[in-house]
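Down below is the structure, laid out as structure tokens.
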Amino acid sequence: MTSRMACAASAQLGAVAMYAGGSHGGCEDGVPIRKLSFGFFTADNDFTQAPVFAAHLQWRGTIGCSNDAGTETGPEVAEGYRYSCEQGANVVWRKYKAGSHDWPSGDRGVDVRDRMWQLFQNHPVP
Numbered sequence: 007m008t009s010r011m012a013c014a015a016s017a018q019l020g021a022v023a024m025y026a027g028g029s030h031g032g033c034e035d036g037v038p039i040r041k042l043s044f045g046f047f048t049a050d051n052d053f054t055q056a057p058v059f060a061a062h063l064q065w066r067g068t069i070g071c072s073n074d075a076g077t078e079t080g081p082e083v084a085e086g087y088r089y090s091c092e093q094g095a096n097v098v099w100r101k102y103k104a105g106s107h108d109w110p111s112g113d114r115g116v117d118v119r120d121r122m123w124q125l126f127q128n129h130p131v132p
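FYI, the numbering for the sequence shown is 7 to 132, going by our numbering.
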């Protein structure tokens, strides 16, 4: 659903993010009007981990991201990368150690919310 909204309403959004989200990372009708930043967050033991990883790869291709990645760190982050893309957008990929499909709590929950908020603040609606 997040990817669909990112495609359909890209002119009204600055950035989007999902935790343990859907399986489609690109736009069915081609490239969105504006290239949005997108945060993809999941956990090692989440059944959506593989589809979320595939969605992040597809979104990176859709909005023209570099293959060079900066490292993302945080509490319990097993893998974390940030990619620079066309029109000043970024794609963030974070996979957390252990965990599940449930919304995270504790330090991990704080980290997910803070990183999503940072993405939104860094990419406001133009």
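Every residue, glycine too, gets a C-beta built ideally from N, C-alpha and C. The model shown is predicted, which means the values in this text are computed figures rather than measured ones.
Terminal residues of the beta strand (DSSP E) in which residue i lies
| i | result |
| --- | --- |
| Arg100 | 96-102 |
| Ser106 | No beta strand (DSSP E) contains Ser106, which DSSP labels as neither H nor E. |
| Ala23 | 21-25 |
C-beta neighbour in chain D for residue i, strict 9 Å
| i | result |
| --- | --- |
| Gln93 | Of the chains in the structure shown, none is chain D; there is only one protein chain. |
Residue i, buried or exposed, once every other Cβ within 10 Å from all chains shown has been counted against 16
| i | result |
| --- | --- |
| Met11 | exposed |
| Val118 | buried |
| His129 | buried |
| Trp65 | buried |
| Lys101 | buried |
Residue of the options minimising C-alpha distance to residue i
| i | options | result |
| --- | --- | --- |
| Ser72 | Trp99, Ala56, Cys91, Phe46 | Cys91 |
| Phe126 | Gln55, Pro57, Ala95, Ala104 | Ala95 |
Terminal residues of the alpha helix (DSSP H) in which residue i lies
| i | result |
| --- | --- |
| Val58 | 55-68 |
| Arg119 | 112-128 |
| Arg40 | Where Arg40 is concerned, there is no enclosing alpha helix (DSSP H), given that its DSSP letter is neither H nor E. |
Proximity of residue i and residue j at Cβ, strictly below 9 Å
| i | j | result |
| --- | --- | --- |
| His62 | Val22 | no |
| Leu42 | Gly27 | no |
| Asn51 | Ser106 | yes |
*Are the region 110-118 and the region 70-78 touching, with three or more C-beta to C-beta distances below 8 Å?*
No contact exists between the region 110-118 and the region 70-78.
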